[in-house]
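In what follows, a structure is listed as structure tokens, so that the remarks can point back to it.
Numbering (the UniProt record's numbering), first residue to last: 1 to 393.
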């Protein structure tokens with residue numbers, strides 16, 4: 001009898017969907033004020049990257065700026081089984097690179113244009129074949145890249161509005177262990193998704209500026225070949241990225257010190273189901289049980305001397321999932337705490353920024369009761385380290 005995808009692929013398709021939707025965004029690739037954990041990024045005027053957080057801030061950037069961001073991410077993710085230590089996974093994380101380029105230009109006294117191109121999400125996990133959840137996932141990778149042109153209009157000296165178009169490219173592939181140990185491979189699928197972003201900025205006085213911004217939901221649909229031994233089929237799976245809104249503030253306490261803050265709301269509750277089809281048939285609909293999240297970031301920006309500024313920041317984000325029965329091992333989710341530090345300086349008249357960030361991604365609990373394969377009962381230990389730079393011209 002030929003091997004069948006009928007049941008073995010059910011579990012597999014529960015997995016990559018939450019990488020984009022529930023897990024590992026890379027806002028660090030679009031950080032504007034490096035070292036502040038994203039606090040106040042939507043109202044920062046020292047980098048063109050701020051237009052990704054809020055297109056309206058472009059009206060307050062006095063000069064045309066071209067900014068290049070780059071970073072290296074080291075992700076650590078291990079699974080620990082409550083019942084059998086032999087079922088623990090090895091280190092499933094690794095190194096990832098991310099980058100962004102950003103440009104702002106003043107067209108006239110009222111209008112400004114901007115362009116952001118950045119890697120804003122992704123994951124690369126490889127648990128290996130010898131762990132408790134190998135029949136759910138062996139490896140998975142997802143990369144997304146976004147092109148985001150925008151315009152900003154300065155209503156008056158204090159108030160501006162902005163809008164942009166999101167064109168998001170995604171690529172996904174992965175694999176799992178099928179019946180009788182046969183490997184099942186999900187060949188790389190690619191897709192474009194489109195959305196929009198809006199923003200406004202208001203300068204209350206010379207010391208204080210605030211901003212509000214919104215990014216719409218993005219809906220990807222990936223389709224490619226799924227194969228096991230000598231059998232092949234076609235899969236279609238939807239992956240969505242939730243809409244979110246953020247508020248930013250920057251307050252200059254004195255000539256040397258700025259206080260920064262941000263609050264971000266992400267509408268994960270809008271993503272309750274993930275539809276899956278194989279060979280044109282509706283294989284299943286995955287129930288997600290996600291909820292909205294809130295993220296809070298605070299930071300300081302201190303002028304050490306005429307050429308050097310020091311940055312510190314911390315952020316806390318609530319978990320999109322509080323029921324261990326709905327957890328999946330592609331990228332388990334929990335609350336996140338990020339600690340960041342950075343320095344800005346000038347090298348041969350060129351502004352250069354460096355930062356380091358440590359992300360405590362929590363210890364997500366998993367207690368599956370209907371995995372259609374192995375039922376994982378344990379927890380994940382997750383953390384990440386970021387090292388990056390920015391250069392502005």
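Virtual Cβ for every residue (Gly too), placed ideally from N, Cα, C.
Note that the structure is predicted; figures quoted are calculated from it, not measured.
- For residue 294, the enclosing beta strand (DSSP E) stretches over residues 293–303.
- In the assembly as shown, residue 86 is an exposed residue. Its beta-carbon has fewer than 16 other beta-carbons within 10 Å.
- Rounded to the nearest whole angstrom, the C-alpha separation of residue 347 and residue 196 is 36 Å.
- DSSP places residue 126 within a strand segment (E or B) once states are collapsed to three.
- Per DSSP, residue 205 has no beta bridge partner at all.
- Contact annotation: the region 231–250 touches the region 42–61, with at least three C-beta pairs closer than 8 Å.
- Beta-bridge partners assigned by DSSP to residue 377: 367.
- As DSSP reads the structure, residue 335 sits in no beta bridge.
- For residue 332, same chain residues with a beta-carbon under 6 Å away, outside a window of 5 residues either side, are 364, 380 in chain order.
- Beta-bridge partners of residue 137 (DSSP): none assigned.
- Taking each of 76, 74, 98 in turn and checking the Cα distance to residue 31, the smallest one comes out for 98.
- Residue 157 sits exposed, since fewer than 16 C-beta atoms from the chains shown fall within 10 Å of its C-beta.
- Residues of the same chain with a CB within less than 7 Å of the CB of residue 155, apart from the 5 flanking positions on each side, are 161 in chain order.
- As for any alpha helix (DSSP H) of minimum length 4 sitting wholly inside the region 22–87, the runs are 50–53, ordered along the chain.
- In the structure shown, residue 323 adopts coil according to DSSP, grouped into three states.
- In the displayed model, residue 256 falls within coil according to three-state DSSP, outside both helix and strand.
- In this structure, the alpha-carbon of residue 305 lies about 50 Å from that of residue 128.
- In the DSSP annotation of this structure, residue 288 is not part of any beta strand (DSSP E), being labelled neither H nor E.
- Residue 393: not part of any beta strand (DSSP E); DSSP gives it neither H nor E.
- Residue 117 is bridged by DSSP to 101, 147.
- Your pair residue 110 and residue 153 checks out as a contact, with CB atoms roughly 6 Å apart and the cut at 8 Å.
- Here residue 334 really is in contact with residue 319; their C-beta atoms are around 5 Å apart, less than 8 Å.
- The alpha carbon of residue 273 has as its nearest neighbour, out of 288, 242, 94, 280, the alpha carbon of 288.
- Cβ neighbours of residue 212 within its own chain (closer than 6 Å, five residues either side excluded): 200, 247.
- Judged by their CB atoms, residue 145 and residue 119 are nearer to each other than the 8 Å cut-off.
- Cβ-Cβ separation between residue 131 and residue 76: approximately 15 Å, too far for a contact (criterion under 8 Å).
- Judged by beta-carbon spacing, residue 45 lies beyond the 8 Å limit of residue 392, meaning their Cβ atoms are not closer than that value.
- Taken atom to atom, the span from the alpha-carbon of residue 254 to that of residue 260 is near 13 Å.
- Annotated as proximal: residue 357 and residue 386, with beta-carbon spacing under 8 Å.
- Membership of residue 359 in the beta strand (DSSP E) is indicated by the continuous run 350–360.
- Taking all protein chains shown into account, residue 307 has fewer than 16 neighbouring C-beta atoms within 10 Å of its C-beta and is therefore exposed.
- In the displayed model, residue 111 falls within a strand according to three-state DSSP.
- Proximity to residue 117 across 276, 100, 133, 142 peaks at 100, based on C-alpha coordinates.
- Counting only the Cα atoms, residue 302 lies some 41 Å from residue 220.
- Here the alpha carbons of residue 149 and residue 238 stand approximately 25 Å from one another.
- Cβ contact annotation for residue 188 (same chain, cutoff 8 Å, sequence separation greater than five): 171, 172, 173, 224, in chain order.
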